[in-house]
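Visitor: Let me begin by handing over the structure; questions about it come next.
Numbering (our numbering), first residue to last: 22 to 211.
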């Protein structure tokens with residue numbers, strides 16, 4: 022629960038910062054056009070509802086498991102990256118900001134960022150892709166969130182460590198399982 026509260030507070034703060042530049046630019050433009058600024062404002066209840074919706078969608082996206090020794094933060098690759106790419110999507114920023122908040126709250130131990138792939142494609146393709154994705158998350162956390170680079174280690178495992186089976190019991194392909202296996206995990210030692 023402590024982590025969920027931290028995620029909610031950090032996400033709200035991130036969302037407010039994320040929304041501020043466009044609103045400020047819009048207000049400046051309205052002054053230049055001599056339009057009343059109030060036409061650009063939303064009722065506070067609407068803003069609160071929008072922020073709550075954004076916050077809840079981010080929290081639902083980031084899976085956090087805590088053990089006595091570690092905290093596991095799981096980020097679905099489909100949220101972070103486009104298909105077969107290792108460039109962070111703009112839409113992934115709130116989820117990554119939430120992960121950064123957890124990292125800031127637990128700075129004592131080591132941190133590993135693991136990239137994972139599904140069973141489609143070869144190891145020759147999936148291993149480098151999963152490593153590049155882990156490195157992209159590390160770069161985002163250091164460049165955008167100011168976390169120490171020496172504190173974050175990366176590894177790519179391709180399809181070697183699935184979270185769930187890639188195939189159904191009858192041997193047929195399981196698209197939901199494959200989707201769950203495409204992920205980046207951040208493992209924080211306590």
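Where a beta carbon is used, it is the ideal one built from N, C-alpha and C, also for glycine. These figures come from a predicted structure and were not determined experimentally.
Evaluate residue 111 with the Cβ neighbour count: other Cβ atoms within 10 Å of its Cβ, from every protein chain shown; 16 or more gives buried, anything less gives exposed.
Guide: Exposed is the call here.
Visitor: With a threshold of 8 angstroms, are at least 3 pairs of Cβ atoms found where one atom belongs to the region 149-157 and the other to the region 114-125?
Guide: With the cut-off at 8 angstroms, the region 149-157 and the region 114-125 do not touch.
Visitor: From which residue to which residue does the alpha helix (DSSP H) around residue 163 run?
Guide: Residues 144-164.
Visitor: Drop a sphere of 10 angstroms on the beta-carbon of residue 105, count the other beta-carbons inside from all chains shown, and report buried for 16 or more, exposed for fewer.
Guide: Exposed, because fewer than 16 other Cβ atoms sit within 10 Å of the Cβ of residue 105.
Visitor: Check for me: the alpha helix (DSSP H) holding residue 168 runs from which residue to which?
Guide: Where residue 168 is concerned, there is no enclosing alpha helix (DSSP H), given that its DSSP letter is neither H nor E.
Visitor: Kindly provide the ranges of any alpha helix (DSSP H) runs that are 4 or more residues long and lie completely inside the region 75-111, ordered along the chain.
Guide: Qualifying alpha helix (DSSP H) stretches, in chain order: 98-101.
Visitor: Do residue 16 and residue 134 have their C-beta atoms closer together than 9 angstroms?
Guide: No information on residue 16 is available, as it lies outside the stretch 22 to 211 that the chain covers here.
Visitor: Which residues in the same chain have their Cβ closer than 6 angstroms to the Cβ of residue 95, if we skip the five residues on either side of it in sequence?
Guide: For residue 95, where only same-chain residues beyond five positions count, the Cβ hits under 6 angstroms are 84, 204, 206.
Visitor: So the beta strand (DSSP E) residue 199 belongs to, where does it begin and stop?
Guide: Residue 199 -> not in any beta strand (DSSP E); alpha helix (DSSP H) instead, spanning 196-202.
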